[in-house]
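Quick note: the sequence shown uses our numbering, first residue 7, plus one each step.
All C-beta atoms, glycine included, are put in the ideal place defined by N, C-alpha and C.
Note that the structure is a prediction, hence the values are computed from the model and not measured.
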Amino acid sequence: MSALTFPLGTALRWPSQAAEGAPRDPYAGVRERWRTARRRLGEIVVNLAEDPHARMATWKLPASGSAAATARHLTRARLDDWGLAEQADVAELLVSELVTNSLQHGKGPVQLTLSVTEDVLRVEVADGAAGMPRLREAREDEEGGRGLWLLDQLARCWGGTRTSEGKVVWFELPGRQVHAA
7 MSALTFPLGT
17 ALRWPSQAAE
27 GAPRDPYAGV
37 RERWRTARRR
47 LGEIVVNLAE
57 DPHARMATWK
67 LPASGSAAAT
77 ARHLTRARLD
87 DWGLAEQADV
97 AELLVSELVT
107 NSLQHGKGPV
117 QLTLSVTEDV
127 LRVEVADGAA
137 GMPRLREARE
147 DEEGGRGLWL
157 LDQLARCWGG
167 TRTSEGKVVW
177 FELPGRQVHA
187 A
């Protein structure tokens, strides 16, 4: 097999670039899929709002030390009302972690939203800071830093989205507990 050689000063180009003379964006497809996913997220929110079986509750919490406790209480009470008491312990823990993160790293009031369809409980915590949380490994001597690790271990899925006002961090749990037969 012979080695490829290029004259000095010759740049490698994407195949379409050589023909057109303009750089081809190798990530154009990824960017388009991302735009499509963002549009779909909006459709999901609209569908959730129009789903007669969906249940939703939203609260604005003050940016104070009592916000996490208030969020835990509201979460447990609403899930009990919705017949999802089996999910309340995990949801309450994860809500507390996200609200605490928003208070420590975010700004402004915190908004908590719970929504449930037949098979998904979705929890969203919004605040006024644009910085997204990052999963990291806490040192043994640290008192904090394990909230996102818990979220990653206990939630079915989770993520974050920047908004014009800041960000929303969300997670999903099964809407109904699945029992082994």
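Proximity to residue i [Cα-Cα], best of the options
i: Arg84; options: Cys163, His111, Arg61; result: Arg61
i: Leu67; options: Gly166, Val175, Gln117; result: Gln117
i: Leu104; options: Arg182, Val175, Ala63, Val126; result: Val175
i: Glu98; options: Thr106, Val129, Arg78, Ala135; result: Arg78
i: Gly153; options: Trp65, Thr64, Thr81, Ser102; result: Ser102
i: Gly89; options: Thr123, Trp65, Ala132; result: Thr123
i: Gly134; options: Leu156, Arg82, Leu109, Arg128; result: Leu109
i: Phe177; options: Met138, Arg128, Trp155; result: Arg128
i: Thr106; options: Ser121, Pro139, Gly165; result: Pro139
i: Ala161; options: Leu100, Thr76, Arg182, Thr119; result: Leu100
i: Thr119; options: Leu80, Leu157, Trp155; result: Leu80
i: Gly181; options: Leu156, Gly166, Ser121, Asp158; result: Ser121
Residue burial classification, residue i (beta-carbon count within 10 angstroms, cutoff 16)
i: Asp87; result: exposed
i: Glu130; result: buried
i: Asp125; result: exposed
i: Gly71; result: exposed
i: Thr64; result: exposed
i: Gly112; result: buried
i: Ala136; result: exposed
i: Ala132; result: buried
i: Leu179; result: buried
Anticipated Cβ contact below 8 Å, residue i with residue j, distance rounded
i: Gly114; j: Ala73; result: Not quite, the Cβ-Cβ distance comes to about 11 Å (not below 8 Å), so this is no contact.
i: Thr164; j: Leu156; result: Thr is not the amino acid found at residue 164; the sequence shown has Trp there. Trp164 to Leu156, Cβ: 10 Å. No contact.
**Item:** At least three beta-carbon pairs within less than 8 Å, the segment 157-173 to the segment 76-94
**Value:** no
**Whole runs of the beta strand (DSSP E) within the segment 158-187, excluding any shorter than 3 residues** = 163-168, 173-180
**Message:** In chain order, what are the residue ranges of uninterrupted alpha helix (DSSP H) at least 4 long that sit wholly in the segment 87-127?
**Reply:** 91-111
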